[in-house]
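Below is one structure, written out as structure tokens; the observations come after it.
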Amino acid sequence: MALTAVSLFYFMRPLYNGLGGNAMWAIMTVVVVLENTVGATIYKCSNRVFATTLAGFLAFGVHWVASQSGHEFEPLITGASVFILASATTFSRFIPSVKALFDYGALIFILTFSLVTVSGYRVDKLFDMACQRISTILIGTCLCLLVTLFICPIWAGEELHILISRNMDKLANSLDGCVDEHFDYNDEHKDSDKQPDKKLLGYKCVLSSKATEESMAKFARWEPAHGRFSFKHPWQQYLKIGASMRSCACCVAALNSCIDSENQAPDFIKKHLSNICLKVSSSSSSVLKEVAKTIKTMKRSSSIEFLVEEMSSAVQDLQNEIKSLPKLLSPPEVLHPESKQTDDTTSTIHLLDVIPVVTLASLMIEISSRIQAIVETVEELAELAEFKGEVLEKEKQNQPNINRIVASQLNDDQQTVKALERV
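Taking this note's numbering, the leading residue of the sequence shown gets 252, the next gets one more, and so forth.
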């Protein structure tokens, strides 16, 4: 749509006479600047307009100085200015703050300054040409902004918000799937590989989403207020949440490797810890799902503290069960004890058997601690973004009912008083 609108500057004679061949710059601007999200388009448009305007007027100033210095020194001054400014702009792109905000603008500055400065050596009306190119670029950027803002806009901030909540749900499902498959004793469930695979692969989406989150957070800062998000929404906090999720996903990946390990613990040892491990995974995934719901609805959860305490108590029970493993693995007493060499061999076998289960239990304890870090980062987001509380909203919803009950009680009391007065 933007390309069709900007093509009218070629098809319509009055518009073409006003811009001439420079109308091609408007078409090039639309092709280069237009992106799929509003934030990315605003980022490129603002960088292109600012860099083009600055480079155009700076090139005109260099051309004026070079023309005043004489015909012999004009090419030297022009070439030296192009070399110095292009080199300085190129090296400035290595600065992290410049690269994050003005990387595209620095590239456009080099392009525009070089074209205008070099072409000014052969063109007489350089100022008119620079003004026409700036005006065509302004036309192209305005068309891009109108299309992205008002015709089916895609907001980078909203996409980042949805991505974080979905990844958290996937992480919770992956944690449940790993533990369930490890302690699954039924062959019927092991034959159906489709459903567990979807849950087990969820943590990989979390591990591979770092670049997407960073680009979305970068473009979201350029977007105006929209929907539930204000202009100063803490988008950088989403990156902290994503980093905490990836830290937890690394432990889930290690937990998944325990399932595919060739060294498996005996069934009686796994059965001893199966219930408590399933309880820890269930409580941990419940915390993750509740936190994902908090992010999705942008409302503080009233049950998150209870779920975190339940997870902590389950972890404490798991630690107690691990401490009781030596009693379970101690050899039974016999009337005629065997030789010392046989006892050492038996204890060594028991130690090798218990290592896989202890590894899995320690990973689950570490996952619970990293989930606690996720909860803390989400609480920081709730404070910075001023999430509403569910309790307050329920009180507001119940307030009209309370007022009605109080009013009805007052009416009943008044009617009772009137009846007593009549008596």
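For each residue, glycine too, the CB sits at the ideal point set by N, CA and C.
Do you know how far the Cα of residue j is from the Cα of residue i?
| i | j | result |
| --- | --- | --- |
| residue 418 | residue 628 | 15 Å |
| residue 483 | residue 526 | 46 Å |
| residue 233 | residue 499 | Residue numbering for the chain in the displayed model covers 252 to 674; residue 233 lies beyond these limits and cannot be assessed. |
| residue 686 | residue 488 | Absent from the structure is residue 686, since the part of the chain shown begins at 252 and ends at 674. |
| residue 377 | residue 274 | 17 Å |
| residue 257 | residue 388 | 11 Å |
| residue 299 | residue 452 | 41 Å |
| residue 528 | residue 558 | 16 Å |
| residue 506 | residue 414 | 24 Å |
| residue 280 | residue 471 | 22 Å |
| residue 680 | residue 328 | Nothing can be reported for residue 680, as the shown portion of the chain is limited to 252 through 674. |
| residue 209 | residue 633 | Nothing can be reported for residue 209: it is not among the residues displayed for the chain, which extend from 252 to 674. |
| residue 259 | residue 393 | 15 Å |
| residue 336 | residue 556 | 57 Å |
| residue 205 | residue 465 | No statement about residue 205 is possible, as the shown extent of the chain runs from 252 to 674 and does not include it. |
| residue 295 | residue 379 | 25 Å |
| residue 531 | residue 302 | 55 Å |
| residue 361 | residue 330 | 13 Å |
| residue 446 | residue 467 | With a pLDDT of 49 at residue 446, under the threshold of 50, the modelled position of that residue is not reliable, and the figure given next carries that caveat. So the two alpha carbons sit approximately 31 Å from each other. |
| residue 400 | residue 355 | 21 Å |
| residue 626 | residue 339 | 45 Å |
| residue 255 | residue 266 | 14 Å |
| residue 573 | residue 492 | 31 Å |
| residue 596 | residue 605 | At residue 596 the pLDDT is 43, less than 50, meaning the model places this residue with poor confidence; the figure from the coordinates comes in the next sentence. Their backbone Cα atoms lie some 15 Å apart in a straight line. |
| residue 315 | residue 344 | 28 Å |
| residue 522 | residue 631 | 39 Å |
| residue 441 | residue 490 | With a pLDDT of 47 at residue 441, under the threshold of 50, the predicted position of this residue should be treated as unreliable, though the coordinate-derived value follows. The alpha-carbon atoms of residue 441 and residue 490 are separated by roughly 37 Å. |
| residue 617 | residue 494 | 16 Å |
| residue 239 | residue 304 | With the chain covering only 252 through 674, there is no way to say anything about residue 239. |
Measuring CA to CA, which of the options is closest to residue i?
| i | options | result |
| --- | --- | --- |
| residue 570 | 541, 542, 610, 538 | 610 |
| residue 640 | 554, 573, 466 | 554 |
| residue 496 | 548, 294, 349, 454 | 454 |
| residue 504 | 275, 381, 414, 615 | 615 |
| residue 479 | 549, 363, 263 | 549 |
| residue 510 | 427, 485, 350 | 427 |
| residue 469 | 332, 351, 277, 634 | 351 |
| residue 276 | 637, 383, 632 | 383 |
| residue 619 | 575, 386, 533 | 533 |
| residue 636 | 624, 291, 574, 547 | 547 |
| residue 425 | 390, 456, 253, 523 | 456 |
| residue 408 | 278, 486, 390, 501 | 486 |
| residue 309 | 501, 278, 385 | 385 |
| residue 359 | 262, 297, 416 | 297 |
Given a threshold of 16 other Cβ atoms within 10 Å of its Cβ, counted over all protein chains shown, does residue i qualify as buried or as exposed?
| i | result |
| --- | --- |
| residue 473 | buried |
| residue 476 | exposed |
| residue 439 | Residue confidence for residue 439 is low, a pLDDT of 45 falling below 50, so the modelled location carries little weight and cannot support an answer. |
| residue 397 | exposed |
| residue 395 | buried |
| residue 347 | exposed |
| residue 607 | buried |
| residue 403 | exposed |
| residue 443 | Low local confidence applies: a pLDDT of 44 at residue 443 is under 50, so the model's placement there is unreliable, with the coordinate-based value given in what follows. Under this definition residue 443 is an exposed residue. |
| residue 353 | buried |
| residue 264 | exposed |
| residue 562 | buried |
| residue 373 | exposed |
| residue 421 | buried |
| residue 423 | buried |
| residue 341 | exposed |
| residue 253 | buried |
Between residue i and residue j, how many whole angstroms is the CB-CB distance? I'm expecting something under 8 Å.
| i | j | result |
| --- | --- | --- |
| residue 545 | residue 536 | At roughly 15 Å, the Cβ-Cβ gap does not stay under 8 Å, so residue 545 and residue 536 are not in contact. |
| residue 289 | residue 406 | 5 Å |
| residue 307 | residue 363 | 6 Å |
| residue 622 | residue 539 | 6 Å |
Query - the segment 454-461 touching the segment 555-566, judged by at least three CB pairs closer than 8 Å - result: no
Query raised in the report: Any chance the segment 423-434 sits against the segment 312-324, with 3 or more Cβ pairs inside 8 Å?
Result: no
Query raised in the report: Taking one C-beta from the segment 273-288 and one from the segment 364-372 each time, how about it: are there three or more such pairs within less than 8 Å?
Result: no
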